[in-house]
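Q: Sharing a structure here in structure tokens format.
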Amino acid sequence: MATVPATPRRSIWQRIPVIHQFQQSVGLQRGMLVGGLVLTGIFVLTAAFASLLAPYGFSQLKDASGAFDAQQPPSAKHLLGTTVGGYDVLSRVIWGSQTAILVIVVSIVLSIFAGVLLGLVSGYIGGWLDRVLVVVCDAIYAFPTLLLAIVMSIVISGGQSNLLGGIFSAAISITVVFIPQYFRVVRAETVRIKSEAFVESAKVLGASRGRIMFRHILRNATRTLPLIFTLNASEAILTLAGLGFLGFGIEPTSAAEWGYDLNKAISDVTSGIWWTSVFPGVAIVLVVLGITLVGESLNDLADPRLRTRRRAIGIPTMGTESIVPGGSPSALGIGAVARIDEPEARS
Amino acid sequence: MTSTAPEVLTLPEPGKPGVRAQRGGGLGRYILVRFLLIIPTVFILVTLVFLLMRTIGDPITASVGGRLSPQALEARIHAAGYDRPPFVQYIEYLGQIFTGNFGRTLSDNRPISEVLVTYGGATLELAFYALIVAFIVGIPLGMLAAYLRDKWPDAVLRVLAILFYATPVFFAGLLLKLIFGVWLGVLPIAGRGTTTTELQMQLLPNKTGIYLIDALQIGDPAVIGDVLAHAVLPGIALGLLTAGVFLRLVRTNVIGTLSADYIDAARSRGVSEFRLVRKHAYKPALIPIITVIGLQIALLLSGAVLTETTLEWKGLGFMLAQYLSARDYVAVQGIVALLAVIVALSNFIVDVIAALIDPRVRY
Numbered sequence: 001m002a003t004v005p006a007t008p009r010r011s012i013w014q015r016i017p018v019i020h021q022f023q024q025s026v027g028l029q030r031g032m033l034v035g036g037l038v039l040t041g042i043f044v045l046t047a048a049f050a051s052l053l054a055p056y057g058f059s060q061l062k063d064a065s066g067a068f069d070a071q072q073p074p075s076a077k078h079l080l081g082t083t084v085g086g087y088d089v090l091s092r093v094i095w096g097s098q099t100a101i102l103v104i105v106v107s108i109v110l111s112i113f114a115g116v117l118l119g120l121v122s123g124y125i126g127g128w129l130d131r132v133l134v135v136v137c138d139a140i141y142a143f144p145t146l147l148l149a150i151v152m153s154i155v156i157s158g159g160q161s162n163l164l165g166g167i168f169s170a171a172i173s174i175t176v177v178f179i180p181q182y183f184r185v186v187r188a189e190t191v192r193i194k195s196e197a198f199v200e201s202a203k204v205l206g207a208s209r210g211r212i213m214f215r216h217i218l219r220n221a222t223r224t225l226p227l228i229f230t231l232n233a234s235e236a237i238l239t240l241a242g243l244g245f246l247g248f249g250i251e252p253t254s255a256a257e258w259g260y261d262l263n264k265a266i267s268d269v270t271s272g273i274w275w276t277s278v279f280p281g282v283a284i285v286l287v288v289l290g291i292t293l294v295g296e297s298l299n300d301l302a303d304p305r306l307r308t309r310r311r312a313i314g315i316p317t318m319g320t321e322s323i324v325p326g327g328s329p330s331a332l333g334i335g336a337v338a339r340i341d342e343p344e345a346r347s
Numbered sequence: 001m002t003s004t005a006p007e008v009l010t011l012p013e014p015g016k017p018g019v020r021a022q023r024g025g026g027l028g029r030y031i032l033v034r035f036l037l038i039i040p041t042v043f044i045l046v047t048l049v050f051l052l053m054r055t056i057g058d059p060i061t062a063s064v065g066g067r068l069s070p071q072a073l074e075a076r077i078h079a080a081g082y083d084r085p086p087f088v089q090y091i092e093y094l095g096q097i098f099t100g101n102f103g104r105t106l107s108d109n110r111p112i113s114e115v116l117v118t119y120g121g122a123t124l125e126l127a128f129y130a131l132i133v134a135f136i137v138g139i140p141l142g143m144l145a146a147y148l149r150d151k152w153p154d155a156v157l158r159v160l161a162i163l164f165y166a167t168p169v170f171f172a173g174l175l176l177k178l179i180f181g182v183w184l185g186v187l188p189i190a191g192r193g194t195t196t197t198e199l200q201m202q203l204l205p206n207k208t209g210i211y212l213i214d215a216l217q218i219g220d221p222a223v224i225g226d227v228l229a230h231a232v233l234p235g236i237a238l239g240l241l242t243a244g245v246f247l248r249l250v251r252t253n254v255i256g257t258l259s260a261d262y263i264d265a266a267r268s269r270g271v272s273e274f275r276l277v278r279k280h281a282y283k284p285a286l287i288p289i290i291t292v293i294g295l296q297i298a299l300l301l302s303g304a305v306l307t308e309t310t311l312e313w314k315g316l317g318f319m320l321a322q323y324l325s326a327r328d329y330v331a332v333q334g335i336v337a338l339l340a341v342i343v344a345l346s347n348f349i350v351d352v353i354a355a356l357i358d359p360r361v362r363y
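Keeping their order, the protein sequence lines are chains S and F. Note that the numbering used here numbers the first sequence so that position 255 is 255, with each residue one more than the last. Note that the numbering used here numbers the second sequence so that position 358 is 358, with each residue one more than the last.
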């Protein structure tokens with residue numbers, strides 16, 4: 001529509017999710033947000049420039065001077081040593097970030113599309129469709145994530161596959177687990193917004209059902225999605241690693257995957273070979289830590305009860321609470337915490 | 001005389017709350033409704049697992065296809081009834097589950113219910129140890145973080161909580177194994193007991209499968225010590241994951257309750273800030289934790305599969321991983337269906353406990 005947009009209250013720059021929260025944050029909260037952003041940034045950059053950073057290919061077993069020895073401790077030639085299969089650990093760790101990021105992106109894009117669409121339609125149309133979807137999603141939601149992912153992975157790939165197949169089967173397995181989370185959040189918001197005055201007005205003006213859903217409701221129902229997004233990103237990595245650890249990952253010749261490498265390192269640990277397990281494990285921990293720090297900070301900043309306020313530092317909590325204007329921000333915040341804490345609590 | 005009119009008008013009023021109490025309130029009614037809700041949940045999950053597992057064809061081809069001649073394969077499929085229409089198989093499957101019969105495993109031809117009984121106890125025991133670790137570590141640290149809110153120890157504790165959560169249980173297991181088992185050599189790194197212990201367990205007449213109880217039955221301090229020593233690493237590996245969740249939850253909720261009016265009232269009476277956290281804000285903050293324990297059961301089961309595989313703790317998760325690598329999807333389906341029932345039941349129990357503690361939940 002060619003309408004003149006209302007004067008924005010904040011500049012576009014400030015409305016980019018993370019930037020706004022960064023300016024809102026203060027003290028330790030800012031420290032945690034920055035720490036998380038730095039770790040996440042390193043992860044993304046490593047994945048992007050894996051081919052430049054990695055000394056060898058992820059499935060490379062020999063170079064000009066001959067085949068790599070298996071289970072070599074860290075040395076100048078292999079900075080982090082070699083695995084039982086003769087792969088270079090450092091290269092596997094670096095290439096692994098690429099697999100991880102691909103799986104995150106594919107799974108989250110798929111689950112946002114499916115979950116948001118289902119939640120929107122279910123919440124807006126209601127009726128028996130809504131009831132069935134809610135019961136089904138609640139049932140899936142209560143189920144152990146990893147088990148569901150295992151079943152999905154068996155179905156999709158029969159348990160083993162090449163790079164693309166492996167990434168997609170892992171991503172789709174994770175997607176199925178995530179859909180209920182997006183569904184619940186978007187549906188709850190849709191049900192709430194549906195009864196707002198502006199939706200009524202749109203109906204009276206004769207707007208079509210689709211237009212109301214996608215233009216009026218969707219744009220207002222997606223506020224909390226960035227939070228779920230970050231939390232799901234870390235959960236996706238853990239699920240991928242879990243699948244890989246149980247042997248449902250991606251073949252080592254197709255791509256590097258941290259969970260698979262850890263599985264192969266179980267027997268190494270018993271004989272004191274630490275480098276094959278410690279480095280891929282630390283990679284998982286750091287990436288999940290970084291993304292979760294970002295998510296956690298965003299969550300706190302969205303909740304007035306948890307946000308540290310610039311002007312309120314040193315004043316007891318009772319003082320800060322009375323500053324909060326009206327009930328609307330805290331209503332959003334409390335709802336956000338309740339919803340965010342749940343999905344996360346079950347990785 | 002005029003006073004009678006208002007009296008008549010007010011008569012229905014006392015009746016109203018009574019009617020409402022009968023309709024909406026009542027713990028018994030809540031429990032009943034909540035219990036009936038288990039049925040669709042279990043039904044949906046079991047159906048979902050059945051449908052998904054059947055989309056890949058029959059389990060016998062998946063398990064031994066390629067190793068048998070086509071005729072032999074055909075015969076085995078026919079004998080197991082996998083050539084009948086899927087709907088018939090589905091109805092039969094539902095009937096079997098209803099009677100507690102989960103079929104027989106393909107790889108070692110054992111009744112799945114027997115596998116569940118034999119190894120379920122171990123998983124239960126592991127979950128119990130993990131919850132103890134989670135309570136001991138998570139709740140005090142969460143209260144401490146709330147008490148020292150926005151100071152540096154709070155930041156350290158929060159990062160620690162995220163670290164607990166960010167560390168995959170199998171990596172935590174491998175690290176603990178490496179440090180305490182291999183480098184320091186102080187703790188056993190695999191299994192649930194030494195061979196001697198395992199033998200004594202086998203000879204026990206009425207064994208429960210829960211080693212701690214069995215060890216107490218034997219009554220030998222050496223055996224009890226051995227069982228507990230074997231439980232330390234798996235318990236910590238799985239427990240720290242949950243401890244991280246508890247820590248964050250306690251912190252958030254204590255901070256939330258600290259801003260309640262009754263806390264302000266207590267504060268104005270001069271109650272110390274530490275006592276406020278420990279005595280006043282702590283208990284209401286526990287209610288959400290009880291609810292979250294329900295969700296933790298699912299997380300614990302996921303984690304148990306990985307922990308058991310890492311530390312060779314022979315429970316359901318360990319067996320699940322074994323059957324997965326053997327491509328025995330009948331066994332996988334059985335174990336997954338049982339775990340679905342366990343999750344649904346434990347969520348029910350947790351909801352009932354939450355309703356007992358907090359009447360508001362009953363609505």
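C-beta atoms are modelled at their ideal positions from N, C-alpha and C, and glycine is treated no differently. Computed from a predicted structure; not experimentally measured.
Tell me which same chain residues have a C-beta within less than 8 angstroms of the C-beta of F:Ala344, skipping the five on either side of it?
A: For F:Ala344, where only same-chain residues beyond five positions count, the Cβ hits under 8 angstroms are Ile38, Thr41, Val42, Leu45.
Q: Between F:Phe98 and chain S, is any beta-carbon pair separated by less than 8 angstroms?
A: With 8 angstroms as the cut-off, F:Phe98 does not count as an interface residue toward chain S.
Q: Might you give, ordered along the chain, the residues of its own chain that have their beta carbon closer than 8 angstroms to the beta carbon of S:Ile112, omitting 5 neighbours on each side?
A: For S:Ile112, where only same-chain residues beyond five positions count, the Cβ hits under 8 angstroms are Tyr182, Leu225, Phe229.
Q: In this structure, does DSSP put F:Asp226 in helix, strand or coil?
A: Residue state, collapsed to three classes: helix.
Q: Given that a residue counts as buried once 16 or more other Cβ atoms are within 10 Å of its Cβ, and exposed if not, what is S:Ser91?
A: So S:Ser91 ends up on the buried side.
Q: For the region 80-106 of chain S, enumerate the residues whose C-beta is nearer than 9 angstroms to any C-beta of chain F, in chain order.
A: So the list is empty, because no residue satisfies the distance condition.
Q: Does the ligand FMN have even one heavy atom less than 7 angstroms from the beta-carbon of F:Gly81?
A: In terms of ligand content, the structure shown is empty, and the ligand FMN therefore cannot be addressed.
Q: Mind checking S:Pro73: buried by the 16 CB within 10 Å criterion, or exposed?
A: Under this definition S:Pro73 is an exposed residue.
Q: Counting only beta-carbon separations shorter than 8 angstroms, does S:Phe168 have a partner in chain F?
A: Not an interface residue.
Q: Can you confirm whether F:Ile357, when its beta carbon is compared against all beta carbons of chain S, has any partner nearer than 8 angstroms?
A: Not closer than 8 angstroms to any Cβ of chain S, the Cβ of F:Ile357 fails to qualify, so no.
Q: Look up F:Arg104 in the DSSP assignment and give the residues it is bridged to.
A: DSSP, once it has assigned bridges, lists F:Pro111 as partnering F:Arg104.
Q: Quick one: what's got a C-beta closer than 8 angstroms to S:Leu80's C-beta in the same chain, skipping five residues either side?
A: Excluding residues within five positions, the ones whose Cβ falls inside 8 angstroms are Pro74, Asp88, Val89, Leu90, Val93, Trp275, Phe279.
Q: With 16 as the cutoff for other CB atoms within 10 Å, does S:Trp258 come out buried or exposed?
A: That one is buried.
Q: For the region 137-149 of chain S, which residues have a beta carbon sitting closer than 8 angstroms to at least one beta carbon of chain F?
A: Answer in chain order: Asp138, Ala139, Ile140, Ala142, Phe143, Pro144, Thr145, Leu146, Leu147.
Q: Rounded C-beta distance between F:Leu320 and F:Ile335? I'm assuming under 8 angstroms.
A: About 5 angstroms separates the two Cβ atoms, so the contact holds.
Q: On a CA-only basis, which of F:Val245, F:Val223, F:Asp214 is nearest F:Thr194? Give me that one, please.
A: Cα-wise, what sits closest to F:Thr194 is F:Val223.
Q: What are the start and end residues of the alpha helix (DSSP H) that includes F:Ser259?
A: No alpha helix (DSSP H) contains F:Ser259, which DSSP labels as neither H nor E.
Q: Taking S:Leu39 as the reference, give the member of S:Ile284, S:Pro180, S:Leu298 with the closest Cα.
A: It is S:Ile284.
Q: Going by alpha carbons, who is nearest to F:Leu126 out of F:Gly191, F:Thr252, F:Ile290?
A: Closest by alpha carbon: F:Gly191.
Q: Using 8 angstroms as the limit for Cβ to Cβ distance, is S:Val134 near chain F?
A: Not closer than 8 angstroms to any Cβ of chain F, the Cβ of S:Val134 fails to qualify, so no.
Q: Is it buried or exposed for S:Asn232, if we count other Cβ within 10 angstroms and need 16 for buried?
A: Flag for S:Asn232 reads buried.
Q: Residues of the region 324-343 of chain F in Cβ contact with chain S at a cutoff of 9 angstroms, in chain order, please.
A: Cβ contacts with chain S come from Leu324, Ser325, Arg327, Tyr329, Val332, Gln333, Ile335, Val336, Leu339, Ala340, Val343.
Q: Out of curiosity, what's the CA-to-CA distance linking F:Arg278 and F:Leu240?
A: Their backbone Cα atoms lie some 23 angstroms apart in a straight line.
Q: Listing by chain order, which chain S residues have their CB less than 7 angstroms from the CB of F:Leu238?
A: Here the premise fails: no neighbours, minimum Cβ distance about 12 angstroms.
Q: Can you confirm whether S:Ile348, when its beta carbon is compared against all beta carbons of chain F, has any partner nearer than 8 angstroms?
A: Lying before the first or after the last residue shown, residue 348 of chain S is absent from chain S, which here runs from 1 to 347.
Q: With a Cβ-Cβ cutoff of 8 angstroms, do F:Thr242 and F:Gly121 count as a contact?
A: In this structure, F:Gly121 does not lie closer than 8 angstroms to F:Thr242 by Cβ.
Q: Report yes or no: is there a C-beta of chain S within less than 8 angstroms of the C-beta of F:Val137?
A: False, the Cβ-Cβ gap to chain S never drops below 8 angstroms.
Q: Let me know the secondary structure DSSP gives F:Thr118 once reduced to three states.
A: F:Thr118: helix per DSSP, three-state reduction.
Q: Would you call the region 70-78 of chain F and the region 172-190 of chain S in contact, with 3 or more CB pairs under 8 angstroms?
A: No, the region 70-78 of chain F does not touch the region 172-190 of chain S.
Q: Restricting to Cα atoms, I'd like to know which of S:Gly36, S:Tyr260, S:Val282 is closest to S:Gly419.
A: Not covered by the structure: residue 419 of chain S. The range shown for chain S is 1 to 347.
Q: Per the DSSP calculation, F:Asp58 is bridged to which residue(s)?
A: According to DSSP, F:Asp58 bridges with nothing at all.
Q: Using DSSP with H/G/I as helix, E/B as strand and the rest coil, what is S:Thr317?
A: Here S:Thr317 scores only 40 on pLDDT, less than 50, and its place in the model should not be relied on; the value that follows carries that caveat. S:Thr317: helix per DSSP, three-state reduction.
Q: Write down the C-beta distance between F:Ala146 and F:Arg251 rounded to the nearest angstrom, noting that I regard them as a contact closer than 8 angstroms.
A: At roughly 5 angstroms, the Cβ-Cβ gap stays under 8 angstroms, so F:Ala146 and F:Arg251 are in contact.
Q: So, helix, strand or coil for S:Thr82, using DSSP?
A: Looking at S:Thr82 - three-state DSSP - the assignment turns out to be strand.
Q: Could you pull out every residue in the same chain whose Cβ sits closer than 7 angstroms to the Cβ of S:Ala202, ignoring the five residues on either side in sequence?
A: Ile212, His216, listed in sequence order.
Q: Buried or exposed for F:His230, please, with buried defined as at least 16 other CB atoms from any protein chain shown within 10 angstroms of its CB.
A: It counts as buried.
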